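Start counting at 1 in the sequence shown, then tack on 327, and there's your number in the numbering used here.
Input: a single structure, listed below in structure tokens.
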Amino acid sequence: MATIKAEPFDFPVRSSEIALIVIDMQRDFAEPGGFGASLGNDVSRITKIIPDVKRLIEGFRAAGRPVIHTMECHRPDLSDLPPAKRDRGTPALRIGDEGPMGRILIAGEAGTAILPELAPIEGEMVIEKPGKGAFYATELGAILKEKGITQLVFAGVTTEVCVQTTMREANDRGYECLLCEEATESYFPQFKAAAIEMIRAQGAIVGWTAHINDILEGVAHA
Ligand code: C5J
């Protein structure tokens, strides 16, 4: 069986069961005027990983393996937005408010779209999710089951929020999860580092972590 050099130990690849999941690489998290910026974050950290996320996506496409994209967003009538999520804190703009790229984190708005460099191609799945985790209130679990996917390689943002939440959801559902270190980012470098440590601690208690070149090599040769 092919393996990917990973921590805390090599990741065993089942070539017909592995997919890439790219979490929330949306303009709202990466550009000024979006949701991330409205919370007071420096969004330039996010744009720096775009080339590596793109390389990873292209590697999976070249290997003929599925690429799944997720988007954190809500319905225009806000019926899937709990008040506890909308009303928390004192952000410059709340979810649903009109911003410079349209309504913040609302499906169909310009700011909610996936960054153009990483846009899904025809046939790729896009999961719209109202929560931080991609399994909550979505069809992701059913789709993965139907496609026979049991292993997920993770990229996207932010490491300790939507990426880690989805990894934990997937791990509890029996998926083997591998996080690509170069293709994920946080607004807080210390949170990214801590998330990576806690994911792979205790014998990969949530999953594995690996570097992009090792993942690309493992997937290409699986
Ligand atoms: C956040 C996400 N950070 N995609 N969302 O609110 O991580």
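Just so it is clear, CB atoms sit at the ideal spot from N, CA and C, and this is done for glycine as well.
Nothing here was measured: the structure is a model prediction, and the numbers come from that model.
In or out: residue i buried (at least 16 other Cβ within 10 Å) or exposed?
| i | result |
| --- | --- |
| residue 475 | exposed |
| residue 500 | exposed |
| residue 450 | exposed |
| residue 351 | buried |
| residue 355 | buried |
| residue 365 | buried |
| residue 462 | buried |
| residue 519 | buried |
If I follow the unbroken beta strand (DSSP E) through residue i, where does it start and stop?
| i | result |
| --- | --- |
| residue 481 | 478-484 |
Would you mind working out which of the options sits nearest residue i, comparing C-alpha positions?
| i | options | result |
| --- | --- | --- |
| residue 495 | 469, 470, 527 | 527 |
| residue 436 | 401, 412, 453, 418 | 401 |
| residue 486 | 511, 381, 465 | 511 |
| residue 346 | 452, 531, 536, 530 | 452 |
| residue 532 | 542, 376, 498 | 498 |
| residue 434 | 529, 422, 444 | 422 |
| residue 482 | 333, 381, 360, 331 | 381 |
| residue 508 | 340, 330, 369, 375 | 375 |
Just grab the DSSP bridge partners of residue i for me.
| i | result |
| --- | --- |
| residue 334 | 536 |
| residue 505 | 480, 535 |
| residue 395 | 348, 452 |
| residue 429 | 426, 427 |
| residue 511 | 483 |
| residue 316 | Residue 316 lies beyond the stretch modelled for the chain, which goes from 328 to 549, so this question has no answer here. |
| residue 418 | Residue 418 is not bridged to any residue. |
| residue 516 | Per DSSP, none; premise fails for residue 516. |
| residue 457 | Paired residues: none, contrary to the question. |
Looking at the structure shown, is residue i part of a helix, part of a strand, or coil, going by DSSP?
| i | result |
| --- | --- |
| residue 496 | helix |
| residue 443 | helix |
Along the chain, where does the alpha helix (DSSP H) containing residue i start, and where does it finish?
| i | result |
| --- | --- |
| residue 384 | 377-389 |
| residue 466 | Looking at the DSSP string, residue 466 is not in any alpha helix (DSSP H), and its letter there is neither H nor E. |
| residue 412 | 410-413 |
| residue 355 | 354-357 |
| residue 363 | 362-365 |
| residue 371 | 371-374 |
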